[in-house]
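K.L.:
First the structure, which I've put down as structure tokens, then a few questions once you've had a look.
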Amino acid sequence: MGDLVVEVHVPLTKSTELEEGEYAFPWIDDISEFVASLDEMPKYDGATMHDDPEEWEGHYLFFVSGASEDALLRAANDISQMSGVPVGTFAMVTDSGASTYGEGTRVELG
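Here it is, written out as structure tokens:
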């Protein structure tokens with residue numbers, strides 16, 4: 000068994016508040032910045048970005064680790080509540096030894 004990891008699964012849904020020609024998924028950058036700065040926010044007890052985001056089965060996945068399950072799920076829930084993040088975001092509690100994404104315990108967010 001590896002280290003505790005929470006995968007945040009965000010439906011790969013285009014933003015509805017776009018001007019013509021704008022990037023369709025601005026929330027990806029917003030979440031990436033948030034996850035990259037987790038270790039600077041005491042609220043998340045040292046949580047960090049575990050790996051680079053990945054597109055997988057119609058979702059964009061963000062990975063957080065380095066803290067307790069409660070702290071990691073708190074970060075995941077806060078991600079789900081960010082402006083522009085698509086409805087239907089959920090978390091998977093897993094570990095770094097998982098053979099594929101989506102293994103573990105599903106946690107509904109929001």
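Going by numbering that gives the first Met the number 0, 41 is the number at position 42 of the sequence shown; the sequence numbering is gapless.
Yeah, the Cβ is synthetic: ideal placement off N, Cα and C, and Gly gets one too.
(1) Could you check where the alpha helix (DSSP H) with L71 kicks off and where it finishes?
(2) Rounded to the nearest angstrom, what separates E107 and L72 at their Cα positions?
(3) Going by CA-CA distance only, name the one from M81, I78 and S67 that's closest to T93.
(4) May I ask you to report which of helix, strand or coil DSSP gives L3?
(5) Apart from the five residues just before and just after S98, which ones in its own chain have a Cβ nearer than 6 angstroms to its Cβ?
P.N.:
Inspection of the coordinates gives the following:
(1) For this step, residue 71 is matched to residue 72 along the sequence shown. Segment E68 to S79, the alpha helix (DSSP H) holding L71.
(2) Taking the sequence shown and counting its residues from 1, one reaches residue 107 at position 108. Taking the sequence shown and counting its residues from 1, one reaches residue 72 at position 73. Cα to Cα, the separation comes out at about 10 angstroms.
(3) For the purposes of this step, residue 93 is taken as residue 94 along the sequence shown, with counting starting at 1. Of the candidates M81, I78 and S67, the one whose C-alpha sits nearest the C-alpha of T93 is S67.
(4) Looking up residue 3 in the sequence shown gives position 4. In the structure shown, L3 sits in a strand (DSSP, three-state: E or B).
(5) For the purposes of this step, residue 98 is identified with residue 99 of the sequence shown, where counting begins at 1. Excluding residues within five positions, none has a Cβ falling inside 6 angstroms.
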